Structure formats: structure tokens, C-alpha cells
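**Student:** Residue numbers (our numbering): 7 to 341.
Note that beta-carbon positions come from the ideal geometry of N, C-alpha and C, so glycine has one too.
From a predicted model like this one, the values you see are computed outputs, not experimental measurements.
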Amino acid sequence: MTDNSAPESESSSSQMSPNRRSKLRLFLTLIPFSILSFLIFQELQSKDNLTPKTLSLDGIYVPEPGLEGDLLVSLGFIAEPRLYPQSYHMNTELPVFVIALGPEDINSFHRFLGSFRIYYREKRLVVYNLGITGDERNMIKQTCQCIVREVHWERYPSHVRDLGIKAFRPFLIQETLHEFGVVFWTHAAMRFNSSNLDALRHTAETHGISTWPMRNLPTSSLTHYQTLRYLHEKPSNLRFQRMAEPNMALYYNTYRLHYKLMMPWVKCALEKECVAPRAARSKGCQLQKPRYLYTGCHSYDTSVFNVLLGKTFLYETPYMSEKPVFQLEYVKGNA
Ligand SMILES: *[C@@H]1O[C@H](CO)[C@@H](O)[C@H](O)[C@H]1NC(C)=O
């Protein structure tokens with residue numbers, strides 16, 4: 007018995023007790039874990055440092071040379087922009103109406119055009135081609151007396167070509183505003199029922215824009231938090247701001263509209279993470295209680311537009327018109 011116990015006590019003194027050994031083993035196995043978690047922590051931190059990229063919203067800004075700068079200059083963001091009014095604006099029929107047409111809009115567009123020509127026989131209509139076929143394009147050219155235009159997609163970052171996020175809209179609105187000074191942006195579901203634009207003109211000349219409510223929801227409910235962060239905005243400011251529709255609005259290229267709305271709107275639309283954050287979706291909204299909480303749906307260009315309106319007009323909506331000069335063809339489904 008004593009012979010047997012001797013080597014045991016010897017081994018434990020030269021090596022270590024099983025208890026200490028298992029502690030050491032545990033410690034050794036933990037080292038890779040701690041290194042790994044340290045790396046993950048670092049990775050997360052550097053990501054966090056990258057994400058809060060924001061947009062500079064300072065008043066006057068002159069684009070710097072380079073690809074983005076050239077695009078902004080061509081859109082009219084120059085040292086002395088062509089603001090409304092200019093003397094040549096007085097001799098032209100304003101507003102100029104503008105519509106962007108995709109293949110799915112063609113049938114509806116013929117009815118749009120019918121009502122447009124009844125109420126606005128003399129007005130110019132610019133039609134942007136968002137992918138209508140050659141035949142349809144030729145037919146529009148022959149019958150509509152419109153100015154048919156192609157979009158210079160090659161000038162824009164690739165996300166602008168994704169028609170689902172509508173990032174093309176601020177660019178085309180700006181392009182036509184720079185050219186014509188006063189633009190009524192329209193879409194194919196509109197059916198005009200009045201030619202009296204006096205009230206709208208008055209509002210838009212004063213504020214730079216006259217528009218209509220989009221849905222009965224506040225901006226905070228349809229704006230992804232990353233877009234808000236980009237634009238230095240808090241959701242709480244937008245809880246009671248009724249969302250306006252950029253897709254049917256009368257725009258005047260006034261000083262305020264140019265610098266406070268169009269410039270930051272276009273700059274935001276140039277950056278995918280500003281207008282369409284990676285996690286943002288436009289489908290599957292879930293109305294929350296209270297209604298101002300985020301529904302899970304982001305409205306892309308429209309969200310940005312409304313955030314900027316909020317900043318410009320201190321969350322009041324003097325640009326909102328109640329009485330429309332049109333009906334919407336799909337108005338039943340909307341209600
Ligand atoms: C045009 O239609 C809208 C929407 O139905 C209506 O509110 C408005 O009063 C109409 N305007 C005229 C002049 O009939």
C-alpha cells in the first residue's frame with residue numbers, strides 16, 4: 007500500500023494537482039475565445055465608426071470637381087443658380103408639366119393625357135422614358151406633342167437605376183427645374199379636372215412648393231432610422247408631420263427650394279445608404295400604436311423629401327394643398 011502511494015504523491019508534486027491542471031486547461035481553451043471576441047468587438051466598433059456617416063446640410067455649397075461634382079454642376083448646382091424668377095420665365099407658359107413613364111404606366115398614361123389636354127391645352131409636357139418600348143415611344147412622340155426624353159443613366163450611381171427606390175426622382179425634378187424654373191411633377195394615375203392653378207401657384211411661389219398629403223401617416227412612421235441619422239434628424243420631430251407627396255407637386259425654383267430642399271435631396275439620393283439604407287424595405291408595413299412609430303416600411307426618396315421639408319418649414323406644412331386639381335384613378339384602393 008505504501009509503495010503504491012509513494013509514486014502518486016511524487017507525481018503530484020512534480021506536475022500539479024488534477025484540480026489545478028483542469029483550471030489551466032480551461033484557461034488555455036479560453037485564450038482563443040477571448041482573442042476572437044476581442045476581434046469581433048473591434049470589428050463592430052470600426053463598423054460603428056463607419057455607419058454614422060452624415061450629410062452636410064450647410065446652406066450654400068459649390069460642388070467640387072470630380073464625377074459627383076460634374077453631375078451636380080450639370081444639374082444646376084452652381085455658384086449662381088438659375089433661380090425663379092428670371093426675365094425669360096415671364097414669356098413662357100409655366101408651369102411645364104413633367105412625367106416619368108415606365109412600361110407599366112402606358113395604358114394609364116393615355117387616359118392621363120386625355121385629361122391633360124382638356125385642361126392644359128397650351129402647356130408643355132416633358133415625358134421621361136423609364137423603359138417604355140421603341141414602338142410606344144414613337145407613338146407618344148407622334149400623338150402627344152410632348153417633349154420625350156431619355157434619362158442619362160450612365161451619369162448616376164447604380165442604385166439610381168433601381169426604379170423601385172425612386173432615387174431618380176430628385177434628379178429629374180432638379181434637371182427640369184434648372185431648365186424651366188417652374189415644374190408640375192405628375193404621374194400617370196392623375197386625371198385632371200380643373201385648369202385653375204391660382205391657389206397652387208400662390209402657395210408654391212411663396213414657399214417654393216405646393217403639394218398634397220400622401221397618406222394619413224406621419225413621416226416618422228415611414229422613415230428608416232439610418233436615413234434620419236444621415237440627415238441629422240430625430241424621429242420625435244416628425245411624429246406629427248403629415249407626409250407630402252413629391253410625385254404630384256408644383257415646384258418653383260426659388261432660393262429656398264433650391265438650397266434647402268433640392269440640393270440636400272439630390273445629395274442624399276446620390277448615396278445609397280442615405281436614401282435606401284441596407285435594412286430598409288418598402289413592403290410589409292405594420293401599423294403601430296401609436297401611429298407615429300416606425301412601421302417597418304421606408305419610403306425612400308419620399309421619406310428624404312419629407313424630412314427635408316420638416317427641417318425647412320420647422321415641421322409646419324404651409325405648402326400642403328387641400329383641394330386637388332385632379333382625381334386619382336386608383337383612389338378606391340388607396341382609401
Ligand atoms: C377634382 O377632384 C378632386 C378629387 O375628387 C375634388 O376634390 C375636387 O373638388 C375636384 N375639382 C374640381 C374643380 O371639380
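So the candidates are Glu335, Asn222, Ser200, Arg262; which of them puts its Cα closest to the Cα of Arg123?
**Tutor:** Counted from its first residue, the sequence shown places residue 123 at position 117. When each option's Cα is compared against that of Arg123, the closest is Ser200.
**Student:** Should Gln292 go down as buried or exposed, given a rule of 16 or more other Cβ atoms within 10 Å for buried?
**Tutor:** Mapped onto the sequence shown, residue 292 falls at position 286. It counts as exposed.
**Student:** So, with DSSP's three-state summary, where would you put Glu70?
**Tutor:** Translated into positions along the sequence shown, residue 70 becomes position 64. Note: Glu70 maps to coil in three-state DSSP.
**Student:** With a 10 Å radius around its C-beta and 16 neighbouring C-beta atoms as the bar for buried, classify Thr229 as buried or exposed.
**Tutor:** By 1-based counting over the sequence shown, the position of residue 229 is 223. The residue is buried, with at least 16 neighbouring Cβ atoms inside 10 Å.
**Student:** Starting from Arg221 and walking both ways along the beta strand (DSSP E), at which residues does that stretch end?
**Tutor:** Residue numbering aside, residue 221 sits at position 215 when the sequence shown is read from its first letter. Its beta strand (DSSP E) spans residues 215–224.
**Student:** I'd like the span of the beta strand (DSSP E) that includes Met196, first residue to last.
**Tutor:** Counting from one through the sequence shown, the residue named residue 196 turns up at place 190. Residues 196–198.
**Student:** Tell me whether Phe246 is buried or exposed, calling it buried when 16 or more other Cβ atoms sit within 10 Å of its Cβ.
**Tutor:** Locating residue 246 in the sequence shown gives position 240, where the first residue counts as 1. Classification of Phe246: exposed, given that the 10 Å Cβ count is below 16.
**Student:** Three-state secondary structure (DSSP) at Tyr236?
**Tutor:** Mapped onto the sequence shown, residue 236 falls at position 230. It is helical.
**Student:** In this structure, does DSSP put Gln333 in helix, strand or coil?
**Tutor:** Locating residue 333 in the sequence shown gives position 327, where the first residue counts as 1. Three-state result, Gln333: strand.
**Student:** Please find out if some non-hydrogen atom of ligand 1 comes closer than 6 Å to the beta-carbon of Pro219.
**Tutor:** The residue labelled residue 219 in the question sits at position 213 within the sequence shown. Incorrect: Pro219 has no Cβ contact closer than 6 Å to ligand 1.
**Student:** Tell me which residue opens and which closes the alpha helix (DSSP H) that Leu119 is part of.
**Tutor:** Locating residue 119 in the sequence shown gives position 113, where the first residue counts as 1. Element bounds for Leu119: 112–125.
**Student:** Would the beta-carbon of Tyr258 fall within 7 Å of that of Tyr90?
**Tutor:** On the sequence shown, position 252 is the one that residue 258 refers to. On the sequence shown, position 84 is the one that residue 90 refers to. Cβ distance < 7 Å, so Tyr258 and Tyr90 count as in contact.
**Student:** Return the first residue and the last residue of the alpha helix (DSSP H) that Glu156 is part of.
**Tutor:** The residue given as residue 156 occupies position 150 in the sequence shown. From DSSP, Glu156 is part of no alpha helix (DSSP H) but of the beta strand (DSSP E) over 153–156.
**Student:** Ends of the beta strand (DSSP E) at Val189?
**Tutor:** If you number the sequence shown from 1, residue 189 lands on position 183. Per DSSP, Val189 belongs to the beta strand (DSSP E) from 188–192.
**Student:** At a cut-off of 6 Å, would you count Ser327 as near ligand 1, judging by its Cβ distance to the nearest heavy atom?
**Tutor:** Taking the first residue of the sequence shown as 1, we reach residue 327 at position 321. False, no ligand heavy atom lies under 6 Å from that Cβ.
**Student:** Is DSSP giving Phe83 helix, strand or coil here?
**Tutor:** Residue mapping note: residue 83 aligns to position 77 of the sequence shown, counting from 1. Phe83: coil per DSSP, three-state reduction.
**Student:** Which residues bound the alpha helix (DSSP H) around Met269?
**Tutor:** Here residue 269 refers to the residue found at position 263 of the sequence shown. Segment 269–276, the alpha helix (DSSP H) holding Met269.
**Student:** Would you kindly report the start and end of the unbroken alpha helix (DSSP H) that includes Met145?
**Tutor:** In the sequence shown, the residue the question calls residue 145 occupies position 139. Residues 140–150.
**Student:** Use the C-beta contact count for Gln294: other C-beta atoms within 10 angstroms, 16 or more gives buried, fewer gives exposed.
**Tutor:** Within the sequence shown, residue 294 is the residue found at index 288, counting from 1. Gln294 is exposed by the Cβ-count criterion.
**Student:** Could you say which of Gln151, Lys129, Glu156, Tyr126 lies nearest to Gly140 if we only look at CA atoms?
**Tutor:** Sequence index remark: in the sequence shown, residue 140 carries index 134 (1-based). The shortest Cα separation from Gly140 among Gln151, Lys129, Glu156, Tyr126 belongs to Glu156.
**Student:** For Ser344, verify whether its CB is less than 6 Å away from any heavy atom of ligand 1.
**Tutor:** The question about residue 344 has no answer here: the residues shown for the chain are numbered 7 through 341.
**Student:** Taking the CB atoms as reference points, tell me whether Asp307 and Ala173 lie closer together than 7 Å.
**Tutor:** To locate residue 307, count along the sequence shown from 1; it is residue 301. To locate residue 173, count along the sequence shown from 1; it is residue 167. Yes. Within cutoff.
**Student:** Terminal residues of the continuous alpha helix (DSSP H) containing Asn312?
**Tutor:** Position 306 of the sequence shown holds residue 312. Unbroken alpha helix (DSSP H) run through Asn312: 307–318.
**Student:** What first and last residue would you give for the beta strand (DSSP E) that runs through Pro107?
**Tutor:** Residue numbering aside, residue 107 sits at position 101 when the sequence shown is read from its first letter. Going by the sequence as given, residue 107 is Leu instead of Pro. It spans 102–107 - the beta strand (DSSP E) in which Leu107 sits, taken as one unbroken run.
**Student:** Excluding the five sequence neighbours on either side, which residues of its own chain have a C-beta within less than 6 Å of the C-beta of Glu86, listed in chain order?
**Tutor:** As a position in the sequence shown, residue 86 is number 80, starting the count at 1. Closer than 6 Å at the Cβ level, and outside the excluded window around Glu86, lies no residue.
**Student:** Would you kindly report the start and end of the unbroken beta strand (DSSP E) that includes Arg284?
**Tutor:** Locating residue 284 in the sequence shown gives position 278, counting from the first residue. Unbroken run through Arg284: none, as it is neither H nor E.
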